[in-house]
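Taking this note's numbering, I'd label the letters of the sequence shown as residues 539 to 715.
Have a look at the structure below before the remarks.
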Amino acid sequence: MAMIFLGGSRDLFELPPPAIERIGSIVAQEHGVLIGDAPGSDAEMQGLLAGYNYEHVGVFHARAEPRNNLGDWAAYHIPPPDGAKGFAIHAEKDREMARRADFGLMVWDGASPGTCLNILRLAVIGSPCVVYDMMRGRVATVHTIGDARAMLDEAGGEVRRAIEARMSEDERLALAA
539 MAMIFLGGSR
549 DLFELPPPAI
559 ERIGSIVAQE
569 HGVLIGDAPG
579 SDAEMQGLLA
589 GYNYEHVGVF
599 HARAEPRNNL
609 GDWAAYHIPP
619 PDGAKGFAIH
629 AEKDREMARR
639 ADFGLMVWDG
649 ASPGTCLNIL
659 RLAVIGSPCV
669 VYDMMRGRVA
679 TVHTIGDARA
689 MLDEAGGEVR
699 RAIEARMSED
709 ERLALAA
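What follows is the structure, encoded as structure tokens:
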């Protein structure tokens with residue numbers, strides 16, 4: 539059973555039909571799913587999986603309890619570092635899901651730094667990630683750091699600066715390599 543990291547932008551509340559179909563395929567093939575607890579794409583994907591009554595799901599959360607766990611699945615608490623604020627509260631949880639994943643599926647609004655960072659994290663460890671880029675209306679598979687870098691370059695300077703501000707030193711070095 540492959541482990542699939544599902545995620546996406548918090549500002550997206552509707553999944554594109556091809557992503558819905560792909561998640562249906564994940565369920566049909568009985569792959570494991572690693573997913574966060576955020577509103578937006580995570581909650582939409584959780585709702586879809588719960589509708590299937592799918593059991594092979596782990597919900598990762600940084601706070602004491604998940605914000606969303608729509609299928610009452612196993613929950614994995616990954617606490618943030620002491621003093622973490624804002625995006626940093628959820629970064630370790632996202633890194634852990636990427637570490638455990640064989641593949642990724644991300645629904646990206648074209649601007650969300652967190653989603654883009656998760657795509658980069660998967661590329662760093664060699665786990666391919668299917669990306670539904672809602673801003674540009676296309677689907678691509680990111681296989682390498684070079685693919686992730688090209689996607690980041692296309693996103694523009696403002697998005698790139700937001701992503702770089704959130705990177706760990708290891709992530710920054712991987713992107714520069």
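Yeah, the Cβ is synthetic: ideal placement off N, Cα and C, and Gly gets one too.
On a predicted model such as this, the values are computed, not experimentally measured, just so you know.
With a threshold of 8 Å between beta carbons, is residue i in contact with chain C?
| i | result |
| --- | --- |
| residue 621 | Absent from the structure is chain C; it holds one protein chain and no more. |
In the DSSP assignment, what residue or residues form a beta bridge with residue i?
| i | result |
| --- | --- |
| residue 572 | 543, 596 |
| residue 614 | 598 |
Leaving out five residues before and five after residue i in sequence, what residues of the same chain have Cβ atoms less than 8 Å from its Cβ?
| i | result |
| --- | --- |
| residue 684 | none |
| residue 539 | 568, 569, 570, 594 |
Are residue i and residue j touching if we call contact CB-CB under 8 Å?
| i | j | result |
| --- | --- | --- |
| residue 595 | residue 578 | no |
| residue 672 | residue 656 | no |
| residue 545 | residue 653 | yes |
| residue 550 | residue 647 | yes |
| residue 636 | residue 663 | yes |
| residue 572 | residue 658 | no |
| residue 711 | residue 701 | no |
| residue 632 | residue 665 | no |
| residue 660 | residue 642 | yes |
| residue 668 | residue 560 | yes |
CB-CB under 7 Å to residue i, same chain, minus the five flanking residues each way: which ones, in chain order?
| i | result |
| --- | --- |
| residue 715 | 683 |
| residue 634 | 598, 616 |
| residue 564 | 542, 571 |
Once you ignore the five residues that flank residue i on each side, which residues in its own chain have a CB closer than 6 Å to its CB?
| i | result |
| --- | --- |
| residue 581 | 606 |
Report back the beta-carbon spacing between residue i and residue j to the nearest angstrom; my notes put them in contact at under 8 Å.
| i | j | result |
| --- | --- | --- |
| residue 575 | residue 604 | 4 Å |
| residue 651 | residue 601 | Not confirmed; about 20 Å, so no contact. |
| residue 556 | residue 677 | 6 Å |
With a floor of 4 residues, list each alpha helix (DSSP H) that falls wholly inside the stretch 625–692, ordered by position along the chain.
626–638, 651–662
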